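Enquirer: Just add 92 to wherever you are in the sequence shown, counting from 1, and you've got the numbering used here.
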Amino acid sequence: MHDVLPSDMHLWHFLEDTVRDVLSTYGYREIRIPVLEKTELFARAIGDATDVVEKEMSTFEDRNGDLLSLRPEGTAGVVRAVLQNGLLYAAPVRLWYMGPMFRRERPQKGRTRQFHQVGAEVFGAAGPDIDAELLVMCQRIWQKLGLEGIRLEVNSLGTSRERAAYRESLHRFLSDNRDRLDADSINRLDRNPLRILDSKNPGVQELLRDAPVLNDYLGEESLGHFEGFRSLLDGFGVAYQVNPRLVRGLDYYSHTVFEWITSELGAQGTVCAGGRYDGLVEIQGGRPWPGVGFAMGQERLIELMRHQAEPPGEVPHVYLVMAGEEATAGGLQLAEQLRRQVAGLRIQSNLGGGSFKSQFKRADRSGAPLAVILGEDELREGQVTVKHLRDQTGQEKINLDVLESWFKNYLRMLN
Ligand code: ATP
Ligand code: MG
């Protein structure tokens, strides 16, 4: 688990502001759900035989004997909240969330035990139009973040009945070739053979080339849904590849599944993943409402922003240098006045006095491009000195009565 330090915060803010802006332009509304839920919620929703539930959840017994888990993902909790609060009366509903998730995985590059996701979930819409909307929305988010080269892979998992038939024939094929499976895959063979499609082992991948393909087991309706989805993506100009072996780690998916992948982050290159989960609301005790959604890994996106399009860091515009008691009192009031008058102006005032020299040292460390100096002379003359700290512009004296317009103009020039 990591701390997010102030020096990285501009990346988080830029990502979160961008996501919030884009999602709201599509009519998505934010929902905030607890970090802790009853373990049974995740066991039921995600599936007992998944990695997440089998070995990745942080679970503990509460004082009264309840088994609780830190949420490993957001969808199960959103479904619970939607049912408990009767939000489906207005279906279709478009929701989004953001926050920390917890999985006890082996920590490695791109995988931590606390990480953050932005997710979107839509309930009550069965057609492929909404699946495609989710993806064009992702693409818009990548554009706004200035990110390039994130490729999209899609697949269809069909219905659970179709998947069961496929599962049987895949199981037969893999059992016949058991000697070519690694320990991890043998472990999954009887419990969840579809997960073997996801194996990173080159030998297993080689074997899978001859394995039966899920697409051949889809009926007309599922194929129609998938085709509709793909032609909508084409219409939106969203490029994709069909990956017939793409499955998702959680059990609740059906029909559309997708991943957005970058090759710039090494082995953990999936920055966003999701799909349709038409059975999930019913599993949780609701009517069989269809659902579809995605989750983005914020840390991975931020790592990619660092590679490609880091936004400027947030530093104060102004460090306020004040010499003498009288100037300090006047300076603090002046700073208040400017904050009131000039929207968005960031002023950091010097604390604890000190010589000009030591105050300028702090001004330098603050990263501010400007120092505003208020000494005895300035106080007497009704002026301040504005000194440019990061370039050769030098310094100038400015009358107090034009300070407001000077700074408004300054901010205008910056943007
Ligand atoms: P994988 O097969 O790589 O384990 P997953 O199926 O567990 O992926 P999801 O549950 O779909 O991943 O999570 C969606 C996204 O959240 C991932 O694509 C990734 O960007 C991010 N994510 C998942 N687990 C972690 C983690 N432990 N640390 C950092 N980010 C993560
Ligand atoms: Mg995982």
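Yeah, the Cβ is synthetic: ideal placement off N, Cα and C, and Gly gets one too.
Given the structure is predicted, the values throughout are model-derived calculations rather than measurements.
So, do the segment 453-460 and the segment 405-422 have three or more beta carbon pairs nearer to each other than 8 Å?
Expert: yes
Enquirer: What residue range does the alpha helix (DSSP H) around E148 cover?
Expert: Stepping through the sequence shown from its first residue, residue 148 is reached at position 56. E148 -> no alpha helix (DSSP H), and no H or E assigned at all.
Enquirer: CB-CB under 7 Å to G238, same chain, minus the five flanking residues each way: which ones, in chain order?
Expert: Counting from 1 along the sequence shown, the entry for residue 238 is found at position 146. Only Q400, A401 meet the Cβ criterion.
Enquirer: Apply the 10 Å Cβ neighbour rule to L227 and answer buried if 16 or more other Cβ atoms are within range, or exposed otherwise.
Expert: What you label residue 227 is simply residue 135 of the sequence shown in a count that begins at 1. So L227 ends up on the buried side.
Enquirer: Please work out which residues of its chain come closer than 8 Å, Cβ to Cβ, to L281, disregarding the five sequence neighbours upstream and downstream, and give them in chain order.
Expert: By 1-based counting over the sequence shown, the position of residue 281 is 189. Excluding sequence neighbours, L281 sits near H263, L266, S267, R270, L273, I288.
Enquirer: Could you tell me the distance, in whole angstroms, from the CA atom of Q206 to the CA atom of W104?
Expert: Mapped onto the sequence shown, residue 206 falls at position 114. Mapped onto the sequence shown, residue 104 falls at position 12. Distance between the alpha carbons of Q206 and W104 is about 15 Å.
Enquirer: Is M388 near V170, with beta carbons less than 7 Å apart?
Expert: Here residue 388 refers to the residue found at position 296 when the sequence shown is read from its first residue. Here residue 170 refers to the residue found at position 78 when the sequence shown is read from its first residue. Taking 7 Å as the Cβ cut-off, M388 and V170 do not qualify as a contacting pair.
Enquirer: Can you find at least 3 beta carbon pairs, one from the segment 375-392 and one from the segment 136-148, that sit closer than 8 Å?
Expert: yes
Enquirer: Between which two residues does the beta strand (DSSP E) containing P192 stretch?
Expert: The sequence position of residue 192 within the sequence shown is 100, counting from 1. P192 -> beta strand (DSSP E) spans 185-194.
Enquirer: Quick check on the DSSP output: the alpha helix (DSSP H) that includes R398 runs from which residue to which?
Expert: Here residue 398 corresponds to residue number 306 of the sequence shown, with the count starting at 1. From DSSP, the alpha helix (DSSP H) with R398 extends over 390-400.
Enquirer: Just to check my reading of the structure: G422 and L471 have Cβ atoms closer than 8 Å, yes? What is that Cβ distance to the nearest angstrom?
Expert: If you number the sequence shown from 1, residue 422 lands on position 330. If you number the sequence shown from 1, residue 471 lands on position 379. The Cβ separation is near 6 Å, so the contact holds.
Enquirer: So, for L299: in the same chain, excluding its five sequence neighbours on each side, which residues have a beta-carbon less than 7 Å away from its beta-carbon?
Expert: The residue given as residue 299 occupies position 207 in the sequence shown. Excluding residues up to 5 positions away in sequence, N269, R272 lie with their Cβ nearer than 7 Å to the Cβ of L299 in the same chain.
Enquirer: Report yes if the C-beta of Q209 is less than 6 Å from at least one heavy atom of ligand 4; otherwise report no.
Expert: Judged by which ligands are present, ligand 4 is missing from the structure shown, whose ligands are ligand 1 and ligand 2.
Enquirer: Should F215 and A183 be called a contact, given that it needs their Cβ atoms to be closer than 7 Å?
Expert: Taking the sequence shown and counting its residues from 1, one reaches residue 215 at position 123. Taking the sequence shown and counting its residues from 1, one reaches residue 183 at position 91. Taking 7 Å as the Cβ cut-off, F215 and A183 qualify as a contacting pair.
Enquirer: Give the straight-line distance between the Cα atoms of F386 and R283, rounded to the nearest whole angstrom.
Expert: Counting from one through the sequence shown, the residue named residue 386 turns up at place 294. Counting from one through the sequence shown, the residue named residue 283 turns up at place 191. Going by the C-alpha atoms only, they are around 25 Å apart.
Enquirer: Write down the C-beta distance between A331 and L244 rounded to the nearest angstrom, noting that I regard them as a contact closer than 8 Å.
Expert: Start at 1 with the first residue of the sequence shown, and residue 331 comes out as number 239. Start at 1 with the first residue of the sequence shown, and residue 244 comes out as number 152. That belief holds up - the Cβ atoms of A331 and L244 are roughly 7 Å apart, short of 8 Å.
Enquirer: With a CB to CB cut of under 8 Å and the five nearest residues on each side skipped, what residues in its chain are close to R398?
Expert: One-based indexing of the sequence shown puts residue 398 at position 306. Closer than 8 Å at the Cβ level, and outside the excluded window around R398, lie L103.
Enquirer: Give a yes or no on whether the C-beta atoms belonging to L128 and L160 are separated by under 7 Å.
Expert: As a first step, residue 128 is located in the sequence shown; it is residue number 36 there, counting from the start. As a first step, residue 160 is located in the sequence shown; it is residue number 68 there, counting from the start. Yes, the pair counts as a contact, with Cβ atoms nearer than the cut-off.
Enquirer: Quick test of the definition: if touching needs 3 or more C-beta pairs under 8 Å, does the segment 346-357 touch the segment 112-132?
Expert: Cβ pair count under 8 Å is below three, so no.
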